[in-house]
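J.: Residue numbers (my numbering), protein chains in the order written: chain E, 1 to 253; chain R, 254 to 506.
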């Protein structure tokens, strides 16, 4: 299978490497930035390309892994190509690729960093296509890469992306705020790391609603008042404390 | 070392087992509830006790692991005992034990569930005592149980406990809300679990502020507006979305 990777960011890097590892032949890596194109191309034994006119138009698979607002522009450049063209975006509908002959979505639900290795076989791959034939083609490719392949339509994918913002980006911000409280008291973030790991591990075989602990779920108003008093100089943190405590109480009422 | 455990909840259960595993002799387990006292006592080969008058007053160590608002009452019952008496609470000052001869704090910073095994050696133990002699005694006991022992004063411990609410209880609530969004769209929580694990693992060797991703840190107003629109029927979730997005922007401004 000849593959062309459009993009050189975190998603592109991990997708291209996973495809390479599954036995695919990475023909080209496109990036507007020549250094980025070269760097990823070298990693997967492909040719770096910065000009859309230089893209080989006879590959089997084109993976679009660029910023959401650039997908439409890339799709226009790939018009007329017969190979399968997929985008990898959680927040973008299938229909953005409607002008292409064979197209679909292959969305890996994970947070990627270039420097962190990750077991791609455990990443949920969410696939969608305009018809069953295309869906079967994408499914067979997705199965080469991961043990978790889900059929997810565009509306579901948007909600999934939103849920991921809560469970990843917002969670990370709570880690940030926890660390700000520690720093203010000359305490090391190392103190919180085992707790953070255990909090995530606890819900790997349970639903989070069943394992909630802490003052809000206990209705321990005394401790909550003490905490709010400690946050006197940080009204922004006090607001988050109140809002999330209220949410916990609502969930368990 | 002869130990008496006051309490039979999650913290008491894990502490008593860790002490037992380190070679201590668990003499008695006290709980108001006889079934709970018996169940933990059996686990660690101790005598179950429900009456304070039946507590052996010549043990080396008394571990108070009861609800915060019961610590003062327990301390009053233990008055006159010469052995070392520690409480295990994050939110309670050392001074609550001031009427006891030899006392201190041994606070394990972790979220405990009775049914989950946990590597106690990796749990940060935060210790405090009124003088250096007592601190050294508590430190030598803590070192038997864990590789991470920290000297933390009462004010620091209160802030640490507050930071733990952000990094554990509030984080778990975001998992709950993520799952509510999924359920509403007939999607399985299994989809989010790998993302949640990776989000926690990412900050084990990095500070969270350095690994933030998502629409808020990118300033991607279009995606944020789409998300808020999706949350139209859930003003409570929209409020949390706005509040945490604002917090992310503030952190990275």
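Positions of the beta carbon are idealized from the N, C-alpha and C atoms, including for glycine.
1) So, under 8 Å CB-CB, residue 30 of chain E and residue 37 of chain E are touching, yes? Tell me the CB distance rounded to an integer number of Å.
2) By Cβ distance below 8 Å, which residues in the same chain neighbour residue 444 of chain R in space, the five residues on each side in sequence not counted?
3) Using only CA atoms, which one of R:427, R:465 and R:481 lies nearest to residue 203 of chain E?
4) If the criterion is Cβ atoms closer than 7 Å, does the pair residue 319 of chain E and residue 86 of chain E meet it?
5) Are the beta-carbon atoms belonging to residue 425 of chain R and residue 208 of chain E less than 7 Å from one another?
6) Would you say residue 343 of chain R and residue 404 of chain R are within 7 Å of each other, going by their C-beta atoms?
7) Which stretch, first to last residue, makes up the alpha helix (DSSP H) that contains residue 480 of chain R?
8) Check the Cβ of residue 213 of chain E against every Cβ in chain R and list those closer than 7 Å, keeping chain order.
9) Do residue 269 of chain R and residue 258 of chain R count as a contact pair if the criterion is CB distance below 7 Å?
10) Would you mind reading off the limits of the alpha helix (DSSP H) that contains residue 138 of chain E?
11) Is the shortest distance between the beta-carbon of residue 249 of chain E and the beta-carbons of chain R less than 7 Å?
12) Could you tell me the distance, in whole angstroms, from the CA atom of residue 206 of chain E to the CA atom of residue 48 of chain E?
13) Which residues share a DSSP beta bridge with residue 28 of chain E?
14) In or out: residue 348 of chain R buried (at least 16 other Cβ within 10 Å) or exposed?
15) Taking the continuous beta strand (DSSP E) assigned at residue 149 of chain E, which residues delimit it?
16) Taking Cβ positions only, does residue 21 of chain E come closer than 7 Å to chain R?
17) Reducing DSSP to helix, strand and coil, say where residue 340 of chain R ends up.
18) Among the residues of its own chain, which have a CB less than 8 Å from the CB of residue 227 of chain E, if the five just before and after it don't count?
19) Just checking my contact of residue 66 of chain E with residue 7 of chain E at CB under 8 Å: how many whole Å lie between their CB atoms?
20) Would you check if the distance between the CB atom of residue 163 of chain E and the CB atom of residue 431 of chain R is smaller than 7 Å?
T.: In short:
1) The Cβ separation is near 6 Å, so the contact holds.
2) Taken in chain order, the residues that qualify are 435.
3) Of R:427, R:465 and R:481, the residue nearest in Cα terms is R:427.
4) With chain E covering 1 to 253 only, the question about residue 319 of chain E has no answer from this structure.
5) Their beta carbons are under 7 Å apart, which means residue 425 of chain R touches residue 208 of chain E by this criterion.
6) Against a cut-off of 7 Å, the Cβ pair of residue 404 of chain R and residue 343 of chain R comes out as no contact.
7) For residue 480 of chain R, the enclosing alpha helix (DSSP H) begins and ends at 474-483.
8) By Cβ distance, chain R contributes 364 and 422.
9) Yes, the pair counts as a contact, with Cβ atoms nearer than the cut-off.
10) Where residue 138 of chain E is concerned, the enclosing alpha helix (DSSP H) stretches over 132-145.
11) Taking 7 Å as the CB threshold, residue 249 of chain E stays off the interface with chain R.
12) The alpha-carbon atoms of residue 206 of chain E and residue 48 of chain E are separated by roughly 45 Å.
13) Its beta-bridge partners are E:4 and E:47.
14) With fewer than 16 other Cβ atoms from the protein chains shown falling within 10 Å of its own Cβ, residue 348 of chain R counts as exposed.
15) DSSP places residue 149 of chain E in the uninterrupted beta strand (DSSP E) bounded by 149-151.
16) Chain R contact via Cβ: absent.
17) In the three-state reduction of the DSSP assignment, residue 340 of chain R falls in the strand class, which pools E and B.
18) Shown here for residue 227 of chain E: same chain residues with a beta carbon closer than 8 Å to its own, the five before and five after excluded, namely 215 and 241 in chain order.
19) Going by Cβ atoms, the distance from residue 66 of chain E to residue 7 of chain E rounds to 4 Å, so yes, they are a contact pair.
20) A contact, by the Cβ cut-off of 7 Å.
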